[in-house]
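Note sheet for the following structure.
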Amino acid sequence: MTDNSDYSVHLGVLRSAERVRSAEFSARLLLLLIGTATGTLLMGLTLLPLWLGVYYAAVGLEKFVLWRWPQATSRRFFAVMVGISLLIASLFAALPVYLWLHENNALKYGAMILLVGGVLNVFLVRARIWQISAAYMAPLGGAFLAISASTYEAPGGGPLFYTTLILSATIICYFLIAVYEANRSHRRLLDTERQFFQAQKMEAVGTLAGGLAHDFNNMLSVVQGNLEMIRTAESDSDREAFCTEALTACWRGAALTRQLLALSRGPMMEPVRLDPEDVLLEVERLVRRVAPPNIGLSVTAEPDLPHILADETTLQAALLNLAINARDAMPEGGRMHFQARHLTREDPHPAWLPSGAYVALSVCDNGIGIPEEIIGKVFDPFFSTKAKGHGTGLGLSMVEGFAHQANGHAHAESQSGHGSRFTLYLPAVSAVPRPAAPARGEANTDARPCPKARPARPQPTTG
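Residues in the sequence shown are numbered from 770 upward in steps of one, following our numbering.
Spelled out as C-alpha cells, the structure:
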C-alpha cells in the first residue's frame, strides 16, 4: 500500500526530473524542433508543426501544474500527474506510428529512432516511479503493436505480421521487466536512505540525551521539593502555590518528552509546510540544552519569509547535526548563529543551484574552521575531521541526502581558524507576511556569527 509519504517522494522526484532548465528537456526540445523542420521542409509532412504544437501544449500543462502547486503531495494530485503523463506519452507515440505508415524508408527509420528515444527516456528519467513509467510505456507498447498491425495481410495475416507481432510482444515484455527492476532498485535505495536518516536522527537524539537528562533531573527536583513543602504548608494558598510550581515542572517535562519522541519516531517522511524561523527557533532551543555556557546562540530571519516544504523532524535532525558540529568546532567557546534568508528568482544563483525561489537556512560558527584541502570532502560518507571514536562521518552525508531529497542543496563554506557556515537551500512554496524581528540570543561582541569563509567544491544535484 502506498502512503502519503511515498506520493510526496514521487512528486519530488518528478519535479526534479521535469525541470524546464534541465539538460534532458532542452535536448529533447532541440531534437524535436530539428526533426520537425526537416520533415516539413524536406519531406513535405505539413502535419508535423501541428503535432509539435499539441505535444508541447501537453508538456506545458505538466510544467504549469507542477509550478502552480509546488506544495501538493496528495494522492489525487499524483493521479492527475499520472494522467497528464499518459496524455504526453500518447501524443508522442502517435508520431512514430504516423511516420511508419508512409512508404518512405527514411520516415520508417525516423519512427524507429523516436521509439528507441522514448524507451530510453523512460529508463533514464522516469523509471524511478513505476506509475509514471507505466503511463509512458503503455502508449509506446501500443505504438509497437500498431506498427506490427500495419503488416497484416489478408487472409490470415501472413508470416511478416506474426513475426513482427511476436517480436513486438517480446520487446515489450523485456522493457516492462527492465523498468520493474530499475524501479525496485530505486525503492531499495529509498529504503536504505530512510534507514540512514533514522540512524542519524537517533545519533542526534543520543547527543541531546545528556542535556535533557540534566533538565529532567532539575524538573524532578522542583517537583520533589514542592511536594515536600506541601506537607509543611500552613495555608491553602501556600499549598496551591507549591502545587502550581510542581505542575509547571511536570508540564515542562512533558514538553521535553514530546520533543524527544518527535525526533526519535520512525523513518517515515511526511513533508509539511514549515515556517523557517519557527524551525530555527525550535532547533536553537534544543541546542541550548547541549551547548556549554561559553557558546552564545542567536537566531535571525528575514521578514516575509516564504514557507518551505520538508519533513519536520528530518529537517530538525539535519540542523541539529550541523549545530553539534559547530559546537564541537568551538572547544574554547564562541558564537553559533542560525540564519534564514530568502533567495528569489531575481537573485544571482550559484552555478550548482537550479533557478527558482529558495530559503537558505544557515548554521554559522566562529570556531576552528576546516582546512581548504579537505573542505570539498566534508559531505563524503564516513569522512570526519573528528578524532577516532568521536564521529561516524555520516552526519553531513545525512544532511546532504536530506537536502537533495527535498529538491534542494547543501553547501559548506569555511576558512581555517575563522569558522564555518553550512547552508541548506530548500525550495520556497509560498510567501507569508511576517513582521521583522530582532536577532534572538545572547550578545557576544567577540565572535563573528557568519564568518567570511572559503566555499566547498560544489556537489552536483541529481534528479
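C-beta atoms are modelled at their ideal positions from N, C-alpha and C, and glycine is treated no differently.
None of these values were measured; they are calculated from a predicted model.
Identity of the residue in the options nearest residue i by Cα
i	options	result
S990	D1044, T1017 and E1009	T1017
F1171	F833, P1061, N1090 and H1111	N1090
V851	L814, R784, A1015 and H871	R784
G781	A862, A915 and F847	F847
P1140	M1167, S1166 and E1182	E1182
L889	A792, T961, M906 and A875	M906
Y825	L798, G813 and D1005	L798
N873	R837, L893, L814 and V849	L814
Straight-line gap, residue i to residue j (C-alpha atoms, nearest Å)
i	j	result
H1159	H779	With a pLDDT of only 46 at H1159, under the threshold of 50, the placement of this residue in the model should not be trusted; the figure read from the coordinates follows. Approximately 36 Å between the Cα atoms of the pair.
L996	G1022	16 Å
L744	Q1184	Nothing in the structure corresponds to residue 744, since the chain is present only between 770 and 1232.
S777	R844	9 Å
I1144	R1190	11 Å
A1208	H1106	With a pLDDT of 47 at A1208, under the threshold of 50, the modelled position of that residue is not reliable, and no figure is offered here.
L1055	I803	58 Å
T1161	A1098	Per-residue confidence for T1161 stands at a pLDDT of 46, beneath the threshold of 50, marking its modelled position as unreliable; the derived number appears in the next sentence. Distance between the alpha carbons of T1161 and A1098 is about 16 Å.
V834	F944	29 Å
A1079	A1010	43 Å
P1196	A1129	9 Å
A1205	E1046	Caution applies to A1205, whose pLDDT of 46 falls short of 50 and renders its modelled position unreliable; the value that the coordinates give is listed next. Computed Cα separation, rounded: 11 Å.
A796	R1058	52 Å
L819	P1040	40 Å
V1168	A1087	5 Å
W899	A863	22 Å
A915	R957	35 Å
G808	N952	36 Å
T961	G1125	29 Å
T1013	S1006	11 Å
Cβ-Cβ separation, residue j to residue i (assumed contact under 8 Å), whole Å
i	j	result
L1066	A1109	Incorrect: roughly 15 Å between the Cβ atoms, too far for contact.
A827	L801	The Cβ separation is near 13 Å, so there is no contact.
L830	T805	So it is not a contact: roughly 20 Å between Cβ atoms.
H1173	T1192	Actually they are not in contact, since the Cβ atoms of H1173 and T1192 sit about 14 Å apart, beyond 8 Å.
C765	V1052	Nothing in the structure corresponds to residue 765, since the chain is present only between 770 and 1232.
Nonlocal neighbours in the same chain, by C-beta distance under 7 Å from residue i, ignoring five residues either side
i	result
I941	G910 and F913
P865	A880, L883, L884 and A912
V1198	P839, Q840, R1042, P1075, H1076, I1077 and L1078
I1137	A1098 and G1186
R1008	I999 and A1002
T842	N773, Y776, S777, L780 and P1040
L742	It is not possible to answer for residue 742, since the shown part of the chain is limited to 770 through 1232.
A904	V851, S854, L855 and A858
Classification of residue i by the beta-carbon crowding that lies within 10 angstroms, buried from 16 upward
i	result
N986	exposed
V885	exposed
T939	exposed
P1100	exposed
F1148	buried
A923	exposed
N1176	buried
G925	exposed
Q1085	buried
V823	exposed
P908	buried
A1092	buried
P810	For the record, residue 810 in the displayed sequence is Leu; it is not Pro. Exposed, since its Cβ has fewer than 16 Cβ neighbours within 10 Å.
A1015	buried
Residues of its chain near residue i, where Cβ-Cβ distance is below 6 Å and the 5 sequence neighbours each way are ignored
i	result
S902	V891, R895, A896 and V948
A1095	M1105, V1132 and D1134
M998	F1011
L929	T920
L1112	Y1127 and A1129
L868	L876, G879 and A880
Neighbour flag for residue i against chain B, beta carbons, 8 Å
i	result
S854	This model lacks chain B altogether; it includes just one protein chain.
Other residues of its chain near residue i: CB distance less than 8 Å, five sequence neighbours each side excluded
i	result
E787	F794, E831, K832 and L835
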